[in-house]
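Student: The number in this note's numbering is simply the position in the sequence shown, starting from 1, with 16 added.
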Amino acid sequence: MELTSKTAIVTGASRGLGKAVASALVEKGATVYGIARDKRSLESLQEDLGRNFFPVALDITSENDVSEWITHNFSKEKIPDILINNAGAGYFEKIEYLPSEKWHQMINTNLNAVFYFTTGIVPFMKSSKNSSHIINIGSILGKTSSPAKHAYSATKYALQGFSESLFKELRGDNIKVSLVNPGSINTDFFEESGIEGNDKMLSPEDLASTIIHILETPDNILIDEITIRPLNS
17 MELTSKTAIV TGASRGLGKA VASALVEKGA TVYGIARDKR SLESLQEDLG RNFFPVALDI
77 TSENDVSEWI THNFSKEKIP DILINNAGAG YFEKIEYLPS EKWHQMINTN LNAVFYFTTG
137 IVPFMKSSKN SSHIINIGSI LGKTSSPAKH AYSATKYALQ GFSESLFKEL RGDNIKVSLV
197 NPGSINTDFF EESGIEGNDK MLSPEDLAST IIHILETPDN ILIDEITIRP LNS
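#1: Using a Cβ-Cβ cut-off of 6 Å (strictly less than) and excluding sequence neighbours within five positions of T47, which residues of its own chain qualify?
#2: Report yes if the C-beta distance between I137 and L99 is below 7 Å; otherwise report no.
#3: Looking at C-beta atoms only, is the number of pairs between the stretch 37-47 and the stretch 222-229 that lie closer than 8 Å three or more?
#4: State yes or no: is the beta carbon of M17 nearer than 7 Å to at least one beta carbon in chain C?
#5: Mind checking which residues open and close the alpha helix (DSSP H) that includes S60?
#6: Counting pairs of beta carbons, one from the stretch 141-160 and one from the stretch 110-123, are three or more of them closer than 8 Å?
#7: Rank I111, A29, A36 by C-alpha distance to the C-alpha of K55 and give the top, closest one.
#8: Can you give the Cα-Cα distance for I228 and I201, rounded to whole angstroms?
#9: Tell me which same chain residues have a C-beta within less than 8 Å of the C-beta of R235, skipping the five on either side of it?
#10: Give me whichever residues DSSP pairs with N197 in a beta bridge.
#11: I think G199 touches I151, with their Cβ atoms under 8 Å apart; what is that distance to the nearest whole Å?
#12: What first and last residue would you give for the beta strand (DSSP E) that runs through T23?
#13: Give the single residue among A103, K172, L19 whose Cα lies nearest to the Cα of T203.
#14: For a quick check, are the C-beta atoms of T87 and A129 less than 7 Å apart?
#15: Please state the DSSP three-state secondary structure of I237.
#16: Considering only the alpha carbon of each residue, which of P246, S194, E232 lies closest to S219?
#17: Got a sec? Which residues, its chain only, sit under 6 Å from G34 by beta carbon, not counting five neighbours each side?
#18: Going by beta carbon distance, what residues of the same chain come within less than 6 Å of D97, once the five residues before and after it are set aside?
#19: Rank E232, K192, N248 by C-alpha distance to the C-alpha of M217 and give the top, closest one.
#20: Pick helix, strand or coil for I98, following the three-state DSSP scheme.
#21: Could you spell out where the alpha helix (DSSP H) holding V173 opens and where it closes?
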């Protein structure tokens, strides 16, 4: 896909990997709708990226809010080319200590929000004559796991099944679906989960470059799944 003049939606765009991906897409000439709850951070990012970045303060766990936003902003005459389901929540704790509200937050953010955006955007992509691309950001913890990561892993294992089924369903509609499974990324996501970041972790900018490469593959090439780890940990 040639990214110049394409329209992309990136969830979780106010920081970390989402911010890096949104920045890389704008640099390539795409128009980006960056979605997050933190309006100030999004507006600050718009100051850096310019008029091709549109800040969207939205609760992605609200099906009604997501549906209304999609209906208001897109039509058969205005079709998004790229959807990057990046926003994620993660809390690592022993099973008897994990509050149920944290469980529900991970389910709502990591799974339900992906469904809300995908089911809303796919009909527009199907009506496009051009190739479209959905990228779901999974995790190495969707392929393996370790103690105290049960809830987060459950959402990412589910996302793997969702993505595989979706790529098989949509490939005939000229819509690519890719699942990107990063290892540890040096962002505040891990700090909030009780893990201190370090320079051996993957950088958001390096991962964003890989995602750009996946998007720029020729129309007949699909990278359906990729796992990316730090070389040393």
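Think of the CB as a built atom: it goes at the ideal place given N, C-alpha and C, for glycine as much as any other residue.
Tutor: Concretely, from the data shown:
#1: On the sequence shown, residue 47 is found 31 positions in, with the first residue counted as 1. The beta carbon of T47 sits closer than 6 Å to the beta carbons of T23, N68 from its chain, once the five residues preceding and following it are set aside; these are given in chain order.
#2: The count along the sequence shown starts at 1 and reaches residue 137 at position 121. The count along the sequence shown starts at 1 and reaches residue 99 at position 83. Against a cut-off of 7 Å, the Cβ pair of L99 and I137 comes out as a contact.
#3: With a cut-off of 8 Å, the stretch 222-229 and the stretch 37-47 count as touching, because enough Cβ pairs lie within range.
#4: The displayed structure is made up of one protein chain only, and chain C is not part of it.
#5: Taking the sequence shown and counting its residues from 1, the one referred to as residue 60 is at position 44. Looking at the DSSP string, the run of the alpha helix (DSSP H) that includes S60 is 55-65.
#6: Judged by pairs of C-beta atoms under 8 Å, the stretch 141-160 does not touch the stretch 110-123, as fewer than three such pairs exist.
#7: To locate residue 55, count along the sequence shown from 1; it is residue 39. Answer by Cα proximity: A29.
#8: Mapped onto the sequence shown, residue 228 falls at position 212. Mapped onto the sequence shown, residue 201 falls at position 185. Their backbone Cα atoms lie some 17 Å apart in a straight line.
#9: Looking up residue 235 in the sequence shown gives position 219. Here the sequence assigns Asp to residue 235, which means Arg is not the residue at that position. If the five residues before and after D235 are omitted, its C-beta is found closer than 8 Å to the C-beta atoms of M17, S147, N190, all from its own chain and listed in chain order.
#10: The residue given as residue 197 occupies position 181 in the sequence shown. Partner residues in the beta bridge of N197, as assigned by DSSP, are T243.
#11: Position 183 of the sequence shown holds residue 199. Position 135 of the sequence shown holds residue 151. Incorrect: roughly 17 Å between the Cβ atoms, too far for contact.
#12: Counting from one through the sequence shown, the residue named residue 23 turns up at place 7. The continuous beta strand (DSSP E) containing T23 extends over residues 23-27.
#13: The sequence position of residue 203 within the sequence shown is 187, counting from 1. Of A103, K172, L19, the residue nearest in Cα terms is A103.
#14: As a position in the sequence shown, residue 87 is number 71, starting the count at 1. As a position in the sequence shown, residue 129 is number 113, starting the count at 1. No. Outside cutoff.
#15: Residue numbering aside, residue 237 sits at position 221 when the sequence shown is read from its first letter. Coil at I237, not helix or strand.
#16: Taking the first residue of the sequence shown as 1, we reach residue 219 at position 203. The option with the nearest alpha carbon to S219 is P246.
#17: Here residue 34 is taken as the residue at index 18 of the sequence shown, counted from 1. Contacts found: V26, G28, N102.
#18: Start at 1 with the first residue of the sequence shown, and residue 97 comes out as number 81. Cβ neighbours of D97 beyond the five flanking positions: K22, T23, S148.
#19: Position 201 of the sequence shown, counted from the first residue, corresponds to residue 217. Checked all of E232, K192, N248; the closest Cα to M217 is N248.
#20: Position 82 of the sequence shown, counted from the start, is the residue given in the question as residue 98. Under the three-state reduction of DSSP, I98 is assigned to strand.
#21: On the sequence shown, residue 173 is found 157 positions in, with the first residue counted as 1. It should be pointed out that residue 173 corresponds to Tyr in this sequence rather than to Val. Element bounds for Y173: 166-186.
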